[in-house]
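This report concerns only the one structure given below.
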Amino acid sequence: MTKKIIVKIHEIIKQRRISLRELSRLTDIRHAALSELSNAKRQNINFQHIERIAEALEISDIREIIDLVEINEEA
Numbered sequence: 055m056t057k058k059i060i061v062k063i064h065e066i067i068k069q070r071r072i073s074l075r076e077l078s079r080l081t082d083i084r085h086a087a088l089s090e091l092s093n094a095k096r097q098n099i100n101f102q103h104i105e106r107i108a109e110a111l112e113i114s115d116i117r118e119i120i121d122l123v124e125i126n127e128e129a
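Here the sequence shown is numbered in our numbering, starting from 55 and rising by one per residue.
Below, the structure is given as structure tokens:
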């Protein structure tokens, strides 16, 4: 099994009842970049983006934003 970092943007915006556009406005991160993060389409994670999301949403625990999960590659 290998490990993969998951960015939990989708869960965050759902919990906080805000749109991706609103998160983009709050963080000054391009909507397209947030969308790619949200849909796991991005290979690289910009940690400045993670910091801006945490700051804008007053998140103090990075585990609310990213998670490390094991994935089974047998599929």
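All C-beta atoms in this analysis are idealised placements derived from N, C-alpha and C, irrespective of residue type, glycine included.
Being a predicted model, the structure only gives us computed values, none of them experimental.
Taking 7 Å as the limit between beta carbons, can you name the residues of its chain near residue i, skipping five residues before and five after?
i, result
"Ile83", "His103, Arg106"
"Ile63", "Leu88, Leu91, Ser92"
"Asn126", "Met55"
I need the DSSP call for residue i, collapsed to helix, strand or coil.
i, result
"Ala122", "Sequence check: residue 122 is Leu here, not Ala. DSSP places Leu122 in strand when its eight states are reduced to three."
"Lys57", "strand"
"Arg79", "helix"
"Leu111", "coil"
"Ala87", "helix"
If you draw a straight line from the alpha carbon of residue i to that of residue j, how long is it in whole angstroms?
i, j, result
"Leu122", "Ile59", "5 Å"
"Arg71", "Leu77", "10 Å"
"Ile113", "Met55", "30 Å"
"Arg96", "Leu74", "16 Å"
"Phe101", "Leu80", "16 Å"
"Glu118", "Ala86", "21 Å"
Please work out which residues of its chain come closer than 6 Å, Cβ to Cβ, to residue i, disregarding the five sequence neighbours upstream and downstream, and give them in chain order.
i, result
"Val61", "Leu91, Ile120"
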